[in-house]
Amino acid sequence: MIHSLDTSTVRRISSGQVITKVEDVVKELIENSIDAESTSIEVKLVGDGLTSITVKDNGVGILECDRPAMALRNHTSKLYDFEGLSRVETYGFRGEALNSICSVTESTQITTKTENDPVAILYMLDHSGKILHAKSSGSSPGTTVTAIKLFSNVPVRRQVAKKISSSIGKNVQNLLITYALAHPHIRFSLKHTYENNSKLKFNEGNWIQPAMKNTMDAVIKLFGNELANEVQFGVWSSKSEDIENGGNDNNTEEQYIITLEAILPNPDAVPHIIFKNGKTFIYVNNRPVTTVRGEIKNLVSMVKSVYNVIACHNGWTGNTKTPFMWINIKLPTWVYDVNVEPNKNVALFHHGERLIEAVSNLLEMFYDLNNQREVQNTDI
Ligand code: ADP
Ligand code: MG
1 MIHSLDTSTV RRISSGQVIT KVEDVVKELI ENSIDAESTS IEVKLVGDGL TSITVKDNGV
61 GILECDRPAM ALRNHTSKLY DFEGLSRVET YGFRGEALNS ICSVTESTQI TTKTENDPVA
121 ILYMLDHSGK ILHAKSSGSS PGTTVTAIKL FSNVPVRRQV AKKISSSIGK NVQNLLITYA
181 LAHPHIRFSL KHTYENNSKL KFNEGNWIQP AMKNTMDAVI KLFGNELANE VQFGVWSSKS
241 EDIENGGNDN NTEEQYIITL EAILPNPDAV PHIIFKNGKT FIYVNNRPVT TVRGEIKNLV
301 SMVKSVYNVI ACHNGWTGNT KTPFMWINIK LPTWVYDVNV EPNKNVALFH HGERLIEAVS
361 NLLEMFYDLN NQREVQNTDI
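Printed below as a string of structure tokens:
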């Protein structure tokens, strides 16, 4: 049920979300689609996203009673009050994205259908997110959002977006790859078309990541066997350690399990292949987080320095480099906070030292040179 958040909650959570580029719109819309349990998400950029951006999903759709409020500021179906923030498992919770998008486009359209609706309805929204008009539109269940003429009312931002438009296809594809590696069961696609002055359309490229069984299969599809043969999937969890130690923490409030799912280079991987694909994918409960701040930055440095020692053992004589790494940190929502930056990609941890300790355990599991212990091979 979409409702308005009370003013005090709004003040405490509000970020005044700013959309500054095409990628920001795509990120917010695909996060909404994932929150709506979609298994297929199609992104279409026309004119590098400046003519229109469309994200079509096959998720649960928006209930008819919720639609008048769907794009109003601070209206959300995902959070009820400030206390609920520590339990939120969805990407969204501020009820800001659709409203922000409406405010910086010429118009925004939302077509939606739940499984119980006889027909899909297309809504045209104004700058404040209110419905201007609605009409029926034969579409399958799910939601399609189209942002038309982004920044038409913010000329400076439109100029800047035009200047950097040549990299848009690649940037959006990388964004989709990041989410595909957290949600391998979802099919993602990107269609990028260019329209010239006479409205002739040119195809700038299509990209598809099919639904995969698990993240390792997604890695194979995205980066090929050359890399996939050199990395492996492993899980380290504080649960097994607690059992070994007989549970040494008496304060139940403070007890929780940290699980690290990781795809890291094999101990005997060919360093050149690992460094050539030196991409870093770090998530907290499937949410991509930035690697340039806080504990996550330290975590990446730890993996980097440990792997560089391994690489030297394997004959690497070049400079220190970042290896391929994919790590999903799983822990209860109440022990970290992502409501720090408007785009929620910075996570603050209540017990950062526990996370760092968990990472050193994970690295020992992968790289214990004395024991060469077997890495657990489990499907995600
Ligand atoms: P938030 O995601 O923070 O709740 P948004 O402005 O992104 O805020 O979306 C507002 C509300 O609209 C959501 O809470 C959800 O109920 C509904 N919604 C938005 N996009 C979708 C979608 N693709 N499928 C189903 N519901 C959606
Ligand atoms: Mg949202």
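Counted the way the working numbering counts, the sequence shown spans residues 1 to 380. We put the beta carbon where it would ideally sit given N, CA and C, even for glycine.
- In the structure shown, residue 150 adopts extended strand secondary structure according to DSSP, grouped into three states.
- Annotated three-state conformation of residue 348 is strand, per DSSP.
- Residue 56 counts as buried, since no fewer than 16 other beta carbons sit within 10 angstroms of its beta carbon.
- Looking from the CA of residue 170, the closest CA among 187, 205, 42 belongs to 205.
- In the three-state reduction of the DSSP assignment, residue 25 falls in the helix class, which pools H, G and I.
- Three or more Cβ pairs drawn from the stretch 274 to 289 and the stretch 309 to 327 lie within less than 8 Å of each other, which places the two stretches in contact.
- Membership of residue 181 in any alpha helix (DSSP H) is not indicated, and neither H nor E is assigned to it by DSSP.
- According to DSSP, residue 287 shares a beta bridge with 284.
- Taken atom to atom, the span from the alpha-carbon of residue 196 to that of residue 202 is near 8 Å.
- At a cut-off of 6 Å, the beta-carbon of residue 40 does not count as near ligand 1: no heavy atom of the ligand is closer than that.
- In the DSSP assignment, the residues bridged to residue 124 are 109, 133.
- For residue 229, no beta strand (DSSP E) encloses it, and the DSSP letter there is neither H nor E.
- In the three-state reduction of the DSSP assignment, residue 204 falls in the strand class, which pools E and B.
- In the structure shown, residue 315 falls within a coil segment according to DSSP collapsed to helix, strand and coil.
- Residue 302 carries a helical assignment under DSSP once its states are collapsed to helix, strand and coil.
- In the DSSP annotation of this structure, the continuous segment of the beta strand (DSSP E) that includes residue 56 starts and ends at 52 to 57.
- Its chain contains 2, 75 as the residues whose beta carbon lies nearer than 6 Å to that of residue 69, once the 5 sequence neighbours on both sides are disregarded; these appear in chain order.
- Separation of the CB atoms of residue 53 and residue 22 is rounded to 6 Å, and the pair is thereby assigned contact status at 8 Å.
- In this structure, ligand 2 has no non-hydrogen atom nearer than 6 Å to the beta-carbon of residue 286.
- With fewer than three CB-CB distances shorter than 8 Å, the stretch 115 to 135 does not count as touching the stretch 156 to 171.
- Distances from the alpha-carbon of residue 220 to those of 255, 155, 192, 180 put 180 closest.
- Per DSSP, residue 69 has no beta bridge partner at all.
- Within the model, the alpha-carbon separation for residue 337 versus residue 286 is close to 14 Å.
- Taking residue 149 as the centre and dropping the five residues before and after it, the same chain places the C-beta of 50, 51, 52, 105, 106, 107 closer than 8 Å to its C-beta, in chain order.
- In this structure, residue 258 sits away from residue 362, with a CB-CB distance that is not shorter than 7 Å.
- Straight-line measurement puts the Cα of residue 157 at about 31 Å from the Cα of residue 38.
- Contact between residue 45 and residue 192 holds, since their C-beta atoms are separated by about 5 Å, short of 8 Å.
- Comparing alpha-carbon positions, the option among 6, 194, 94 lying closest to residue 47 turns out to be 194.
- Counting the other Cβ atoms within 10 Å of the Cβ of residue 334 gives fewer than 16, which makes it exposed.
- In terms of Cβ geometry, residue 129 and residue 72 form a close pair [threshold 7 Å].
- Our two residues, residue 10 and residue 91, have alpha carbons roughly 17 Å apart in a direct line.
- If you ignore the 5 residues before and after residue 4, its C-beta comes within less than 6 Å of the C-beta of 75, all in its own chain and listed in chain order.
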